[in-house]
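Q: I have a structure here, written as structure tokens, and I will follow up with some questions on it.
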Amino acid sequence: MNGKFVNLLILSTFFLINVDAMSPLLEDPLLQQDPWAFPLPGKVLSEKAKTFVFTLDTLPKQDKVTWIRTKQDIQALLPLSLKSFAEVFLDFPSQVAYMPRLAKITMLKQDGGLYEVRQRYEIHILGYTYPTEYDMRYEYREYPELRRAEIRWHLLDSDGSIGGSEGGWFMEEVFTAAGPAVKVRNLNVGLVRKDFPLQAQIMNLVGPGELEGIVSALYKEAKRRGLQ
Numbered sequence: 448m449n450g451k452f453v454n455l456l457i458l459s460t461f462f463l464i465n466v467d468a469m470s471p472l473l474e475d476p477l478l479q480q481d482p483w484a485f486p487l488p489g490k491v492l493s494e495k496a497k498t499f500v501f502t503l504d505t506l507p508k509q510d511k512v513t514w515i516r517t518k519q520d521i522q523a524l525l526p527l528s529l530k531s532f533a534e535v536f537l538d539f540p541s542q543v544a545y546m547p548r549l550a551k552i553t554m555l556k557q558d559g560g561l562y563e564v565r566q567r568y569e570i571h572i573l574g575y576t577y578p579t580e581y582d583m584r585y586e587y588r589e590y591p592e593l594r595r596a597e598i599r600w601h602l603l604d605s606d607g608s609i610g611g612s613e614g615g616w617f618m619e620e621v622f623t624a625a626g627p628a629v630k631v632r633n634l635n636v637g638l639v640r641k642d643f644p645l646q647a648q649i650m651n652l653v654g655p656g657e658l659e660g661i662v663s664a665l666y667k668e669a670k671r672r673g674l675q
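Add 447 to the 1-based position in the sequence shown for the numbering used here, that's all there is to it.
Spelled out as structure tokens, the structure:
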């Protein structure tokens, strides 16, 4: 067996392992649905973001690690243009000044609509600091003919506290009685390492408010910049 074939076999095995590890998140029904089909009939959106899905599922221990599977669907209707919302979010270096829990952010790479970012979040609970650091890839795509855009993300690496994260922002410009606005939707399926007792209960208690707070922070920053 020559060296070239061995290297090819190793690379192929590595690729298959990583695809298998990612597929449970990518194949989740939350991410398989039409991300633009929101809100559901009878649901009304406003500037105050709403949590339509927030679930936690503690998985069986694997390789001495217990993962908490998270799923979220957050939606809002903001009196901004699609361009303004995307501009604020994609200005990653500035996020540390206003984004909840974000302690540090580092741009690793940017190429057109592709961004690679290292983020460090710190959550302080009862005197305990729960840090998490991870690298994410974000891809921005516009669909002008549909007045839509998306920012999809994928976890590249972490300090071990995050086992996966797949999802994105889905934006669509609409016209309301008050004028132009943008519908925004945040979908995500992830794996968070369980590090202490009652972690899932605490996450369930504060999670929806934290996620809604991210939308609020982005909107406030857009207004601070005078964007419309």
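Heads up, the beta-carbon is just placed ideally off N, CA and C, and yes, glycines get one too.
1) Taking the alpha carbon of T502 as the reference point, which residue from K667, Q675, V662, Q648 has its own alpha carbon closest?
2) Taking the alpha carbon of R594 as the reference point, which residue from V621, A550, Y587 has its own alpha carbon closest?
3) Under 8 Å, with one C-beta from each stretch per pair, do the segment 642–657 and the segment 477–487 reach the 3-pair mark?
4) Which of helix, strand or coil does DSSP assign to Q675?
5) Would you mind working out which of M546, W600, Y575, E592 sits nearest Y689, comparing C-alpha positions?
6) Mind pulling the alpha helix (DSSP H) runs of 4 or more residues that sit fully within the segment 579–631?
7) Pull up the CB-CB distance for L602 and G611, whole angstroms please, since I reckon it's below 8 Å.
8) Alpha carbon to alpha carbon, what distance is there between R516 and L506?
9) Given that a residue counts as buried once 16 or more other Cβ atoms are within 10 Å of its Cβ, and exposed if not, what is S573?
10) May I ask whether a heavy atom of the ligand NAP can be found less than 7 Å away from the beta carbon of F499?
11) Taking a contact to mean a Cβ-Cβ separation below 8 Å, would you say L665 touches F536 in this structure?
12) Check for me: the beta strand (DSSP E) holding K530 runs from which residue to which?
13) Give the single residue among D520, D510, A596, P655 whose Cα lies nearest to the Cα of S531.
14) What are the start and end residues of the alpha helix (DSSP H) that includes Q557?
15) Buried or exposed for L527, please, with buried defined as at least 16 other CB atoms from any protein chain shown within 10 angstroms of its CB.
16) Got a sec, what are the start and stop residues for the beta strand (DSSP E) Q519 sits in?
17) Spatial neighbours of L473 within its chain, please: CB distance less than 7 Å, with the 5 preceding and 5 following residues excluded, ordered by chain position.
18) Suppose contacts are defined by Cβ-Cβ distances below 8 Å. Is L529 in contact with E494 by that definition?
19) May I have the straight-line CA-CA distance separating Y575 from D520, to the nearest angstrom?
20) Could you give the residue range of the beta strand (DSSP E) that holds L561?
21) If G660 and P578 are in contact, beta carbons under 8 Å, what's the gap, nearest whole angstrom?
A: Let me spell this out:
1) By one-based count along the sequence shown, residue 502 stands at place 55. Cα-wise, what sits closest to T502 is Q648.
2) For the purposes of this step, residue 594 is taken as the residue at position 147 of the sequence shown. Closest option to R594, Cα to Cα, is V621.
3) no
4) The residue you call residue 675 lines up with position 228 of the sequence shown. Correct three-state label for Q675: coil.
5) Absent from the model: residue 689. The displayed extent of the chain is 448 to 675, so no value can be given.
6) none
7) The residue you call residue 602 lines up with position 155 of the sequence shown. The residue you call residue 611 lines up with position 164 of the sequence shown. Indeed, because the Cβ distance is near 5 Å, the residues count as touching under 8 Å.
8) Start at 1 with the first residue of the sequence shown, and residue 506 comes out as number 59. Start at 1 with the first residue of the sequence shown, and residue 516 comes out as number 69. Rounded to whole angstroms, L506 to R516 spans 7 Å at the Cα level.
9) As a first step, residue 573 must be located in the sequence shown, where it is residue number 126. Residue 573 is actually Leu in this sequence, not Ser. By the neighbour-count rule (16 or more Cβ atoms within 10 Å), L573 is not buried but exposed.
10) Judged by which ligands are present, the structure shown has none, so any question about the ligand NAP falls away.
11) Along the sequence shown, read from residue 1 onward, the residue named residue 665 stands at position 218. Along the sequence shown, read from residue 1 onward, the residue named residue 536 stands at position 89. It is a contact, given that the beta carbons lie within the stated cut-off.
12) Taking the sequence shown and counting its residues from 1, one reaches residue 530 at position 83. Element bounds for K530: not the beta strand (DSSP E) but the alpha helix (DSSP H), 529–537.
13) Residue 531 sits at position 84 when you count from the first residue of the sequence shown. Cα-wise, what sits closest to S531 is A596.
14) As a first step, residue 557 is located in the sequence shown; it is residue number 110 there, counting from the start. First-last for Q557: 549–558, but that is the beta strand (DSSP E), not the alpha helix (DSSP H).
15) What you label residue 527 is simply residue 80 of the sequence shown in a count that begins at 1. Label assigned to L527: buried.
16) As a first step, residue 519 must be located in the sequence shown, where it is residue number 72. That run of the beta strand (DSSP E) goes 514–525.
17) Mapped onto the sequence shown, residue 473 falls at position 26. Correct list, in chain order: E613.
18) Sequence index remark: in the sequence shown, residue 529 carries index 82 (1-based). Sequence index remark: in the sequence shown, residue 494 carries index 47 (1-based). Not a contact, by the Cβ cut-off of 8 Å.
19) Along the sequence shown, read from residue 1 onward, the residue named residue 575 stands at position 128. Along the sequence shown, read from residue 1 onward, the residue named residue 520 stands at position 73. So the alpha carbons of these two residues sit roughly 28 Å apart.
20) In the sequence shown, counting from the first residue as 1, residue 561 sits at position 114. Where L561 is concerned, the enclosing beta strand (DSSP E) stretches over 561–572.
21) As a first step, residue 660 is located in the sequence shown; it is residue number 213 there, counting from the start. As a first step, residue 578 is located in the sequence shown; it is residue number 131 there, counting from the start. The Cβ separation is near 19 Å, so there is no contact.
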